[in-house]
Every structure is written in structure tokens, then in C-alpha cells.
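Asker:
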Amino acid sequence: MTSASRADLSLTSPPEISVRDSHNRAMQINTYTTADEAVKLIKSGDHVFVQGSSSIPEALIAALARRGDELRDVILYNAFALGRRVSPLCKPELKDSFLIDSFFVSNAVRGWVNQGYATTTPRFFGQVPQLFREGSIHLDVALINCSLPDENGFVSFGVSADLTPAAVECAKIIIAQINPLMPFTYGDSVIHMSRIDALVEVHDPLAETPDLEPTEKELAIGRHIAEQIPDGATLQIGIGAIPNAVLHSLGNHRHLGLHTEAMTDGMIELIESGVVDNSRKQVEPGRSVASLALGTRRLYDFIDHNRAVLFRDIAWVNDPFVIAQNHNMAAINSALEIDLSGQVCADSIGTRIYSGVGGQQDFVYGSSRSVGGQSFIAMLSTTSNGENKIKPILTPGAGVVTTRFQTNWVVTEHGAVNLRGRNMIDRARLLISIAAPEFREELDRAAFDMLGYAYRRWR
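If you want it as C-alpha cells, here you go:
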């Protein structure tokens, strides 16, 4: 039986489902039903949270799409969410049934957003739970994807704590897939089954992203960054080829720690080899801290019942004042383009939304307040089409994720430059020095046009 067909079957006959009395949260439903029955708890006009990371509750979303002709104006909120396919809600015939509002646009909904059928709410990832908790965004239903229960009846959100603790705290109704392929993680990522209104058994593989071997240019970036990171530093490392290249370059370091938004495959080797031992952290010493996980089955098996890895609410993990408590905090993130003043765009290509702000700004600011802290914005100097990514000004419509007032290190395959405390003239010159050689003369002329006589005079 395929996982797709298995996802909609239960071990028992579907029971009658009753909605939990909002004044009596002790009402419990502890029997399994089908996905199609479970999503009948969702009504037109409801506001629905959908768990993300690599654990979109696919069976519930598919069942919800099948109810499209019965529903209108259901708003679905998600954040970073890697889909194994484009969401089945992203169909023209469902445009009046569902409106997707994403805090971080990823592959499952990116096309739908940029076609104008969905939208995005700009918000630092770590501040989204506040929207739920203060009632700026009310939640009627939370759709989540959980592990098998432990002996005490607790299930885990597994690879996706991030927004889920706040969502289940605030939603009136909780509908959960119970999935043996979801790892059990510790921290804020657990909930007792008695709090769940409808349980659906699935056997649904998590989305995976391969740990690709870095290219030579990406490894060059990794080496440039690794040279600036001292032993004993605490790391936040983003997702993608360049962050992986940094991890590949840290093998000779000692006593590193992890306080990061996302756990990835590349971190496993550093932990198993003892490079990451979390011994010099000030926050949760001895344990790696994350809010979500994204990688391959190897990573998901590694974090399963692993008490050395702590999954916490994104509001805490990404809090700059928590981050800053770690000494020598090193935040490493990527960008789509940067201008000669140091403004960083990481979420859009012109007016087209590509992703979101995520935790970049939180960790840039948190590391700036850390004793010995520093942040790195890393990118290849050109696009895959050979276009320059260091520009006189950002592409019109591009969003500024990290302002020029906060940018610290900028790194390409051509080198690493530190913009901290540098004036506009120095910034332009430093950034030109790490641009692709074929664009440097053009950038130099543009810098002179923008900055005037002082650009030539200043040394």
C-alpha cells in the first residue's frame, strides 16, 4: 500500500466527532478517525494554522482540499514549510474557498503567492507567536503532524516546534496526524493526546532536502567564514548550500555550540565528531538548541528521542536578547543581493516574493549584542545566469531584510569584508573588492556617481 493511500485510512471505524467546548478544555477525543472526517471540524470563515518545516500535515491538507466546494473564505496561516509537492489548495477552482497567508513563502505555495491568489504577512519569524498570543491573528483550528505517543500519552511536534506551541495554545480546535515517521523531540515540542480533538493515523514520509556536496566556490565561502569563527563560539547557521559549506569547513574547530533556528544534516557530523559539544554556551549548555529541522531521514533519525537536542518555541529561540546571552555568537545567513551601502535583500527578487525574513534579523541583532559576537551574510558573487549580486542599488521592489546599520561581515567566494563601523565610502570599496572581477570597474564608476568627490579622495 502506498503512503498516499495509507494516509487516509484509520485502524478503527470512524467515530462521531464532537467539537470541544471552548469553556471546557478537558473534553477529550482519544480515538482515531479519517482525515476526511477530521476536517469537517473546519467551517467557512475559520482561521487555520498549518504546521510547517518538513512536516506539513499532507493528509489533512488533501482532505481539506476535497471539501473546497463546501467551504468559503477559510484563511490558512503557515510559515517556512517544505512541501513534497505544490499544495493541493493552490488550484484556481479553490481560489474563493481558501486564502493562504504565509509568514515565509516556500515551494509549496510560492507560485500561488506570486500569481496573486495568496498573500504573505511580513513579520520576523520569532515575533509571529506574539500575533497569535495577543489575538492580532485569532486561530480557530490548528492542523499538526505528530509522532507516536510515549508511555504517558504525549506526542511530539517533532521537526517543527517553531510556531506550533503558540498555535496549539491559542487554537480552539486541534487536529493531528499521528505519524510513526515523525521523530519524537523534546522541549516545547510536546503535547498530550488528551488536548487533541481529532486524531488521524498516517504513515506519511517527511519532506527531505538532500545534503548536497558544496561546490568549490561555496567551499571557498565556507573557509572565509570559518577563519573568523573562534573555538568555543555558538553558531546559528541557515539552510542551503552555502551554510552547508560553512559546516564542512569547521572540522578543525573545538567546543562549538548550536543555538540555531534550523537543525540540518551538516550539523550531525560536527556533533558526532565532538566539534560541537555545547560546553561553552551560556544558554542551555550541553545541549543543541533549535526550533525546526530540515534535512534527510538521517537527520530525523538522529534527533528522534535525543535529549541532547532541545526544540523550543521560535519566540524564545529567535529572541535577540536570549541569543545575545551566548558569548561569541556567530550568525551565518545568506542573501539574494546586497547594495554598496550594505543593505541586504534575502526575501524577494525585485517585487516577486521568494521566501521571507525568517530569523536573519533576529540573529544579526542578537549576535551584535553578544560578547565577541559577529554575523555573516554569505552569497556567491553572481547568479546562476552570471548576473552581479553586489549592486549599486537593490533591484527596484527588493525588500531590505538586514539594514545597512546592522550588516557586519559580507562574504563571497572572493573574500570576506567587515562593514562594522565603516563609512559609506569604505563600505562601497570593501564590497567592490569581493564582487566578481568582471563587475568591479562598473561598480567603481557607480560608487563615484553616488558618493561624489569624497569617494576618490578618501583613503
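Just so we're aligned: the sequence shown equals residues 10 to 468 in the working numbering. Virtual Cβ for every residue (Gly too), placed ideally from N, Cα, C. Model, not experiment: these values are computed from the prediction.
Which residues bound the alpha helix (DSSP H) around Ala176?
Answerer: Element bounds for Ala176: Thr173 to Cys179.
Asker: Is the beta carbon of Ile434 closer than 8 Å to that of Tyr462?
Answerer: Not a contact, by the Cβ cut-off of 8 Å.
Asker: Alpha carbon to alpha carbon, how far is Glu447 from Ser258?
Answerer: If I take the Cα positions, the gap works out to 28 Å.
Asker: Could you give the first and the last residue of the continuous alpha helix (DSSP H) run that contains Phe330?
Answerer: Start and end: Pro329 to Ile332.
Asker: Evaluate contact between the stretch 318 to 326 and the stretch 216 to 236, counting only Cβ atoms and requiring at least three cross-stretch pairs below 8 Å.
Answerer: Segments in contact, no.
Asker: Comparing alpha-carbon positions, which option in Leu267, Asn315, Glu346 and Gly295 lies nearest Val326?
Answerer: That would be Leu267, whose Cα lies nearest to the Cα of Val326.
Asker: Would you kindly work out how many angstroms separate the C-alpha atoms of Pro214 and Gly430, rounded to a whole number?
Answerer: Distance between the alpha carbons of Pro214 and Gly430 is about 48 Å.
Asker: What are the boundary residues of the beta strand (DSSP E) that Ile277 is part of?
Answerer: Where Ile277 is concerned, there is no enclosing beta strand (DSSP E), although the alpha helix (DSSP H) it sits in stretches over Gly275 to Glu281.
Asker: Candidates Gly381, His314, Pro401 and Gly367: which alpha carbon is nearest Glu346's?
Answerer: Comparing Cα positions, the closest option is Pro401.
Asker: Could you tell me whether the Cβ atoms of Gly167 and Pro138 are closer together than 8 Å?
Answerer: Not closer than 8 Å, so no.
Asker: Are the beta-carbon atoms belonging to Pro66 and Asn154 less than 8 Å from one another?
Answerer: Taking 8 Å as the Cβ cut-off, Pro66 and Asn154 qualify as a contacting pair.
Asker: How is Ala339 classed by DSSP in three states: helix, strand or coil?
Answerer: DSSP places Ala339 in strand when its eight states are reduced to three.
Asker: Within 10 Å of its beta-carbon, does Gln186 have 16 or more other beta-carbons around it, so buried, or fewer, so exposed?
Answerer: When all chains shown are included, Gln186 counts as buried.
Asker: How is the alpha helix (DSSP H) around Gln370 delimited, first residue to last?
Answerer: Note, Gln370: alpha helix (DSSP H), Gln369 to Arg378.
Asker: Start and end of the alpha helix (DSSP H) containing Ala74?
Answerer: Start and end: Glu67 to Arg75.
Asker: Please list, in chain order, all residues of the same chain as Ala455 whose beta carbon is under 8 Å from its beta carbon, the five residues on each side excluded.
Answerer: Only Leu349 and Pro401 meet the Cβ criterion.
Asker: So, for Asp197: in the same chain, excluding its five sequence neighbours on each side, which residues have a beta-carbon less than 7 Å away from its beta-carbon?
Answerer: So the qualifying residues of the chain are Ala170, Pro174, Phe320, Arg321 and Asp322.
Asker: Could you give the C-beta distance for Gly249 and Ser343, rounded to a whole number, given that I count them as a contact under 8 Å?
Answerer: Confirmed, Cβ separation roughly 6 Å.
Asker: Within the same chain, show all residues whose beta-carbon is closer than 6 Å to that of Ser377, passing over the 5 residues directly before and after it, in chain order.
Answerer: So no residue of the chain qualifies.
Asker: Since His56 sits in a beta bridge, which residues does DSSP pair it with?
Answerer: His56 pairs with Ile84.
Asker: Pick out whichever of Phe89, Ser115, Phe141 and Val122 has its Cα sitting closest to the Cα of Pro101.
Answerer: Closest by alpha carbon: Val122.
Asker: Could you compute how far the alpha carbon of Asp55 sits from the alpha carbon of Leu108?
Answerer: Taking the straight line from one Cα to the other gives about 11 Å.
Asker: Any contact of the stretch 362 to 378 with the stretch 217 to 231, i.e. 3+ C-beta pairs under 8 Å?
Answerer: Contact fails: fewer than three Cβ-Cβ distances are below 8 Å.
Asker: Whole beta strand (DSSP E) runs in the stretch 92 to 179 with 3 or more residues, listed along the chain?
Answerer: Within the stretch 92 to 179, the complete beta strand (DSSP E) runs of at least 3 residues are 107 to 111, 150 to 155 and 163 to 165.
Asker: Can you list, in chain order, the residues of its chain with a C-beta nearer than 8 Å to that of Arg466? Leave out the 5 residues immediately preceding and following it.
Answerer: Result list for Arg466: empty, nothing under 8 Å.
Asker: In this structure, what does DSSP give as the bridge partners for Ile246?
Answerer: DSSP output for Ile246 lists Ile341 as bridge partner(s).
Asker: Taking 7 Å as the limit between beta carbons, can you name the residues of its chain near Gly424, skipping five residues before and five after?
Answerer: So the qualifying residues of the chain are His233, Ser442 and Ile443.
Asker: For Trp325, which of helix, strand or coil comes out of DSSP?
Answerer: Correct three-state label for Trp325: helix.
Asker: For Gly424, which beta-bridge partners are listed by DSSP?
Answerer: Bridge partners of Gly424: Thr421.
Asker: Which whole-angstrom value describes the C-beta separation of Arg449 and Gly351, a residue pair presumed to lie in contact below a C-beta threshold of 8 Å?
Answerer: The Cβ separation is near 17 Å, so there is no contact.
Asker: By Cβ distance below 6 Å, which residues in the same chain neighbour Asn33 in space, the five residues on each side in sequence not counted?
Answerer: Low local confidence applies: a pLDDT of 36 at Asn33 is under 50, so the model's placement there is unreliable, and no value is given.
Asker: If you check the beta carbons only, do Ala333 and Gly375 fall under 8 Å apart?
Answerer: Going by C-beta atoms, Ala333 is nearer than 8 Å to Gly375.
Asker: Work out the CA separation of Leu403 and Val353 for me, nearest whole Å.
Answerer: Distance between the alpha carbons of Val353 and Leu403 is about 8 Å.
Asker: Is the separation between the beta-carbon of Val95 and that of Ala72 shorter than 8 Å?
Answerer: Taking 8 Å as the Cβ cut-off, Val95 and Ala72 do not qualify as a contacting pair.
Asker: Between the beta-carbon of Gly135 and the beta-carbon of Ala90, is there less than 8 Å?
Answerer: No, they are not a contact pair.
Asker: Sorted by chain position, which residues of the same chain lie with C-beta nearer than 6 Å to Arg316's C-beta, five sequence neighbours on each side aside?
Answerer: Only Tyr195 meet the Cβ criterion.
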